[in-house]
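Sequential numbering from 3 applies to the sequence shown in the working numbering.
Have a look at the structure below before the remarks.
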Amino acid sequence: MSGPDAARQNLIQTYVLSWSAPPDLATVLTKEELYQEATKHLKEDIKKLLHNLAECDVKAVPCSKAELFNILHTHYHPITGNRFRYDDLLVSNWDSRIMPYREDTDLEESFTDELIDEMLYGGLQNG
3 MSGPDAARQN
13 LIQTYVLSWS
23 APPDLATVLT
33 KEELYQEATK
43 HLKEDIKKLL
53 HNLAECDVKA
63 VPCSKAELFN
73 ILHTHYHPIT
83 GNRFRYDDLL
93 VSNWDSRIMP
103 YREDTDLEES
113 FTDELIDEML
123 YGGLQNG
């Protein structure tokens, strides 16, 4: 972009952070404890990244799970990613052929985490 508004353009970039447990820690802790440890480390990393970006006059905010889903879905499935958003998939039965039936409350509680795990890691890590 050129012209008088060239400096005002909004550039949106997404950073995806990950954390891997050291092998010795993975054998000592339970899955729940590993999850808590990963959450703690990722929150610290996010806080550092947000601080560093703010020091460079960059506005940065963490994505919600729905925003992250939409970003990843659009990236990996560009044709349907722009047509079907997270909220559309939540009220559809798109998963009825690939997932066993569960009670609605169970599905609502686990849907987001399972889907994000599948998109980020190629399958459930703790399941």
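Glycine included, each C-beta is placed from N, C-alpha and C at the ideal position.
Keeping to the same chain, check which residues put their C-beta closer than 8 Å to that of L31; ignore five residues upstream and five downstream.
-> Only A23, E39 meet the Cβ criterion.
Cα-Cα separation between P64 and F71, rounded to whole angstroms = Answer to the nearest angstrom: the Cα atoms are 13 Å apart.
According to DSSP, is K61 helix, strand or coil?
-> Of the three classes helix, strand and coil, the one that applies to K61 here is coil, per DSSP.
Nearest candidate by alpha-carbon position, reference Y17, set S66, K42, K33, E35 = It is S66 whose Cα lies nearest to the Cα of Y17.
Taking the alpha-carbon positions, what's the H79 to L91 distance?
-> Inter-residue distance for H79 and L91 is about 14 Å (C-alpha atoms, whole angstroms).
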